[in-house]
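Engineer: Numbering-wise, the sequence shown is residues 1 to 115 according to UniProt numbering. Before I ask anything, here is the structure I am working with.
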Amino acid sequence: MLEVKHGRGYVYVIQYHIVWCVKYRYKLLVENIEKDLKIIINQLATANDITIVEMESDKDYIHLLVECTPQHYILNLLKSLKGVSARRMFQLHPELKNSLCGGHIWNPSYFVATV
1 MLEVKHGRGY
11 VYVIQYHIVW
21 CVKYRYKLLV
31 ENIEKDLKII
41 INQLATANDI
51 TIVEMESDKD
61 YIHLLVECTP
71 QHYILNLLKS
81 LKGVSARRMF
91 QLHPELKNSL
101 CGGHIWNPSY
111 FVATV
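In structure tokens:
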């Protein structure tokens with residue numbers, strides 16, 4: 001059962017299922033890269049007051065189930081998660097830039113569904 005949360009003057013339960021893919025579906029998310037990505041996403045979620053309920057990845061995509069407040073705008077949330085995670089991944093693993101065409105980790109598209 002979902003936990004109902006209370007804010008000042010409002011009550012809410014907001015969950016999003018979010019999926020995005022590696023550019024050109026390259027099988028990039030393996031071993032240390034996958035582990036580092038999950039750490040980065042958890043740090044970003046904590047910094048943005050977002051709760052990650054579940055996070056799973058395969059070699060070419062990542063699934064998140066997140067809880068957030070009504071003040072979060074999903075597009076800004078996604079821009080932050082994808083943009084900052086890519087920048088930090090390039091800092092931790094500079095070899096990724098050479099293995100990707102155009103130096104982009106993420107496909108620009110994404111999937112979002114309310115739960």
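Where a beta carbon is used, it is the ideal one built from N, C-alpha and C, also for glycine. Because the structure is a prediction, the values reported are computed rather than measured.
Report the residue from Leu44, Gln15 and Val84 whose alpha carbon sits nearest the alpha carbon of Ala113.
Structural biologist: Taking the first residue of the sequence shown as position 1, residue 113 is located at position 113. Here the closest residue by C-alpha is Gln15.
Engineer: Is it buried or exposed, Val11, if we count other Cβ atoms within 10 angstroms and call 16 or more buried?
Structural biologist: Mapped onto the sequence shown, residue 11 falls at position 11. With fewer than 16 other Cβ atoms within 10 Å, it is exposed.
Engineer: In this structure, does DSSP put Glu34 in helix, strand or coil?
Structural biologist: As a working note, residue 34 is residue 34 in the sequence shown. Three-state DSSP puts Glu34 in a helix.
Engineer: Return the residue from the list Leu75, Leu78, Pro70 and Phe111 that minimises the CA-CA distance to Gly9.
Structural biologist: As a first step, residue 9 is located in the sequence shown; it is residue number 9 there, counting from the start. Among Leu75, Leu78, Pro70 and Phe111, the Cα nearest to that of Gly9 is on Pro70.
Engineer: What's the C-alpha gap between Gly102 and Val4?
Structural biologist: What you label residue 102 is simply residue 102 of the sequence shown in a count that begins at 1. What you label residue 4 is simply residue 4 of the sequence shown in a count that begins at 1. Looking at the two C-alpha atoms, the distance is approximately 43 Å.
Engineer: Could you have a look at Gly7 and say whether DSSP puts it in helix, strand or coil?
Structural biologist: Here residue 7 is taken as the residue at index 7 of the sequence shown, counted from 1. The answer is strand: DSSP assigns Gly7 an E or B state.
Engineer: From Thr46 to Asp36, what distance separates their C-alpha atoms?
Structural biologist: Taking the sequence shown and counting its residues from 1, the one referred to as residue 46 is at position 46. Taking the sequence shown and counting its residues from 1, the one referred to as residue 36 is at position 36. Computed Cα separation, rounded: 15 Å.
Engineer: Tell me which same chain residues have a C-beta within less than 8 Å of the C-beta of Ser57, skipping the five on either side of it?
Structural biologist: In the sequence shown, counting from the first residue as 1, residue 57 sits at position 57. The residues are Leu29, Glu34, Leu37, Lys38 and His63.
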